[in-house]
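Residue numbers for the sequence shown follow our numbering, beginning at 5 and rising by one.
The beta-carbon is built from N, C-alpha and C at its ideal position, and this holds for glycine as well.
Predicted model only: the values in this text are computed from it and were never measured.
Note sheet for the following structure.
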Amino acid sequence: MHVEWIRQYLGHQAAVYAILPDHSTGEEFLSAGGEGWIARWQKGSEDGRLVGKADTSLFTLARLEHQLVVGGLDARLYLIDEVNNQVRAIENHRKGIYRLVTKGNRLISLGADGKLTQWDAQSWLPEFSLQITHQPLRSYAWLDEERMWVGSSDGNLYLTDLHQGKILHQIAAHEPSVFSLVFDPVNNRLISGGRDAQIKQWDARSGQPIKIVPAHWYTVNDLILHPSHPILASASRDRTIKLWDPDTLELIKVIETPKFPGHIRSVNALAWLDEQTLLSGGDDRSIMEWRILL
5 MHVEWIRQYL
15 GHQAAVYAIL
25 PDHSTGEEFL
35 SAGGEGWIAR
45 WQKGSEDGRL
55 VGKADTSLFT
65 LARLEHQLVV
75 GGLDARLYLI
85 DEVNNQVRAI
95 ENHRKGIYRL
105 VTKGNRLISL
115 GADGKLTQWD
125 AQSWLPEFSL
135 QITHQPLRSY
145 AWLDEERMWV
155 GSSDGNLYLT
165 DLHQGKILHQ
175 IAAHEPSVFS
185 LVFDPVNNRL
195 ISGGRDAQIK
205 QWDARSGQPI
215 KIVPAHWYTV
225 NDLILHPSHP
235 ILASASRDRT
245 IKLWDPDTLE
255 LIKVIETPKF
265 PGHIRSVNAL
275 AWLDEQTLLS
285 GGDDRSIMEW
295 RILL
């Protein structure tokens, strides 16, 4: 595997917490940051365009059909109209929104109040809410069309059934918080990252533990699978990005300074823009573009 640093995208005035590829173009992506800005970027152009802003730190981005949706610290759901540069705020959660999840025509928000809410995308009213815990919900991974694993700051993983609106299973996973989560459909495994700096592998159906790896020095902020190859990428507060075999959890590559001109603070978010382009965002207010040749 060959890793090459390509460029740095600068413009945010605070930490970058979320990156969302625009698959309709294949060449653009959006980002959200701690200053409340949402920016659109063109691959290869270091000048971003502000498409919306809120008076709060923004943690998560999602797109449902043609609607851009953002969530942040003030517990509001923000609907962004890029064409008319308008922002509409909707309230439901009592505390911040850490993750937005899309599946088909459904939008689901995971809140710091421990509540999962599914939204009607026409009226933008809540269809139902499920109080999973009273600690923040930080991560998710779809198991199938109706069942979703959710990771919480209480250290647990919860298997939820959205059709029935209930919790099916609970696992004590990390100490003290589950920050990142991904489902590997090839191996039928759930992979989680925690504040304990560990990456853990689970049987996705039974919830039985398979393997534990001391992956980083600090919190594992994000996990993401390559769209077509068996590569797992992890991002950490220790300023590094690591590439793994998702089956064995064998370490393949470490992306860090000074070997690469990488992030100088916590790496918060990862996204695959295409088969060879990995994007990373961090507390250093920057987005990095990496070329990954397998």
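{"Item": "Residue 293 burial status per 10 Å Cβ neighbour count (16 or more: buried)", "Value": "buried"}
{"Item": "Stretch pair the stretch 9 to 20 + the stretch 281 to 290: three plus CB contacts closer than 8 angstroms", "Value": "yes"}
{"Item": "Residue interval of the beta strand (DSSP E) (run including residue 6)", "Value": "6 to 14"}
{"Item": "Meets three-Cβ-pair contact criterion under 8 angstroms: the stretch 115 to 129 and the stretch 175 to 186", "Value": "no"}
{"Item": "9 angstroms Cβ cutoff met for residue 259 and residue 277", "Value": "no"}
{"Item": "Span of the beta strand (DSSP E) around residue 198", "Value": "193 to 198"}
{"Item": "Same chain, Cβ closer than 6 angstroms to residue 72, five either side skipped, listed in chain order", "Value": "84"}
{"Item": "C-beta atoms of residue 274 and residue 296 nearer than 9 angstroms", "Value": "no"}
{"Item": "Among 113, 35, 54, nearest to residue 80 - alpha-carbon criterion", "Value": "113"}
{"Item": "Distance between beta carbons of residue 63 and residue 75, contact taken as under 8 angstroms", "Value": "6 angstroms"}
{"Item": "C-alpha distance - residue 249 paired with residue 150, whole-angstrom precision", "Value": "28 angstroms"}
{"Item": "Start and end residues, beta strand (DSSP E) containing residue 273", "Value": "271 to 278"}
{"Item": "Separation of residue 217 from residue 253, as counted between CA atoms", "Value": "7 angstroms"}
{"Item": "Assumed close pair residue 272, residue 102 - CB separation to whole angstroms, cut-off 8 angstroms", "Value": "Not confirmed; about 12 angstroms, so no contact."}
{"Item": "Unbroken beta strand (DSSP E) run spanning residue 285, endpoints", "Value": "281 to 286"}
{"Item": "Rounded straight-line distance, which links the Cα of residue 251 to that of residue 99", "Value": "36 angstroms"}
{"Item": "Those residues which DSSP pairs with residue 25 across a bridge", "Value": "33"}
{"Item": "Inter-residue spacing [alpha-carbon to alpha-carbon] between residue 29 and residue 236", "Value": "24 angstroms"}
{"Item": "Per DSSP, the bridge partner or partners of residue 160", "Value": "176"}
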